[in-house]
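Encoded structure:
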């Protein structure tokens, strides 16, 4: 069966450190992968998109890698700040389901001063 | 601010009732999709509308139905509500021509079924 797995345990990290989140998938051939941020009671907000033929993408303090051999994406927040505390969702889209994003359950990040 | 607005923000219904949720998409976005997010879970795709036609559906029963209007606003209707329908319902819009584009989500409608 198809699965998208993210760490269910919250990631507690000190301000200034790098937070690394994992997204593993099985039985998918994603055309691309997206990362979203979601604050409690709010809708997800788009952060980054990476295509299957790309290895790495960066945006300010954020970095995403995509390894289609390992079927894994890593999401890094460098120099983390308390304002980065939120739940981070990874989402896949495949070529046979354009428009339908498949989301993981998300990983909560808590950055303490 | 994503430019996607949803109403109502919160509502309480009882089992067996019907509910209509509304979404106004970002200006210029002709594709709207709806997602259901249960507590502690990721959003689950319900369906997508492009130029007033449904063009993709997830694993939801027919009692979940939708509409898209000429101005690209949208409705989600759920009939015969069940307790498990309690969730945050998210509307998202994008430009239909960009299959790889980001989704712009609204803040959601929190539905509680008693």
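Protein chains in written order, with the numbering used here: chain A, 2 to 114; chain B, -8 to 105. Think of the CB as a built atom: it goes at the ideal place given N, C-alpha and C, for glycine as much as any other residue. For clarity, every value in this text was computed on a predicted model and none was experimentally measured.
Minimum Cα-Cα distance from residue 101 of chain B among the listed residues B:-8, B:20, B:3 corresponds to B:3.
Taking 7 Å as the threshold, the shortest C-beta distance from residue 101 of chain A to chain B falls below it.
Taking residue 46 of chain B as reference, the option from B:52, B:22, B:63, B:33 with the minimal CA-CA separation is B:22. Ranked by Cα distance from residue 104 of chain B, the options B:16, B:29, B:81 are led by B:29.
Using a Cβ-Cβ distance cut-off of 8 Å, the segment 2 to 11 of chain A and the segment 20 to 38 of chain A are in contact, since at least three pairs of beta carbons, one from each stretch, lie closer than that value. Apart from the 5 residues on each side of it in sequence, residue 62 of chain A sits with its Cβ closer than 7 Å to the Cβ of 78, 79, 80 in its chain, given in chain order.
Burial state of residue 38 of chain A is buried, judged by a 10 Å Cβ sphere holding 16 or more other Cβ atoms.
Rounded to the nearest whole angstrom, the CA to CA distance from residue 12 of chain B to residue 71 of chain A is 40 Å. Beyond the five residues adjoining it in sequence on each side, residue 7 of chain B comes within less than 7 Å, by CB distance, of 71, 72 in the same chain, given in chain order. Counting along the chain, residue 113 of chain A sits inside the beta strand (DSSP E) bounded by residues 108 to 113.
Among the residues of chain A, those whose CB is under 8 Å from the CB of residue 81 of chain B are 44, 45, following chain order. Counting only the Cα atoms, residue 32 of chain B lies some 12 Å from residue 26 of chain B. Every beta strand (DSSP E) of 3 residues or more that sits fully in the segment 2 to 45 of chain B is shown, in chain order, as 10 to 15, 22 to 28, 35 to 41. In this structure, DSSP gives residue 50 of chain A an extended state, which the three-state scheme calls strand. Distance from the CA atom of residue 58 of chain A to the CA atom of residue 85 of chain A, rounded to whole angstroms, is 19 Å. Residue 65 of chain B is positioned such that its CB atom lies closer than 7 Å to that of residue 14 of chain B. Taking 8 Å as the upper bound on Cβ-Cβ separation, chain A lies near residues 33, 34, 35, 36, 39, 41, 46, 47, 49 of the segment 33 to 49 of chain B. Within the same chain, and ignoring the five residues on either side of residue 14 of chain A in sequence, the residues whose Cβ sits closer than 8 Å to its Cβ are 20, 81, 110, 111, 112, 113. Against chain B, a Cβ distance below 8 Å from residue 67 of chain A picks out nothing, because the smallest value is about 13 Å. In the same chain as residue 5 of chain B, and ignoring 5 residues on each side of it, the C-beta atoms closer than 6 Å to its own belong to 105, in chain order. Straight-line measurement puts the Cα of residue 44 of chain A at about 11 Å from the Cα of residue -4 of chain B.
In the structure shown, the three-state DSSP call for residue 45 of chain A is coil. In the three-state reduction of the DSSP assignment, residue 84 of chain A falls in the helix class. For residue 16 of chain A, same chain residues with a beta-carbon under 7 Å away, outside a window of 5 residues either side, are 81, 82, 83, 112, 113, 114 in chain order.
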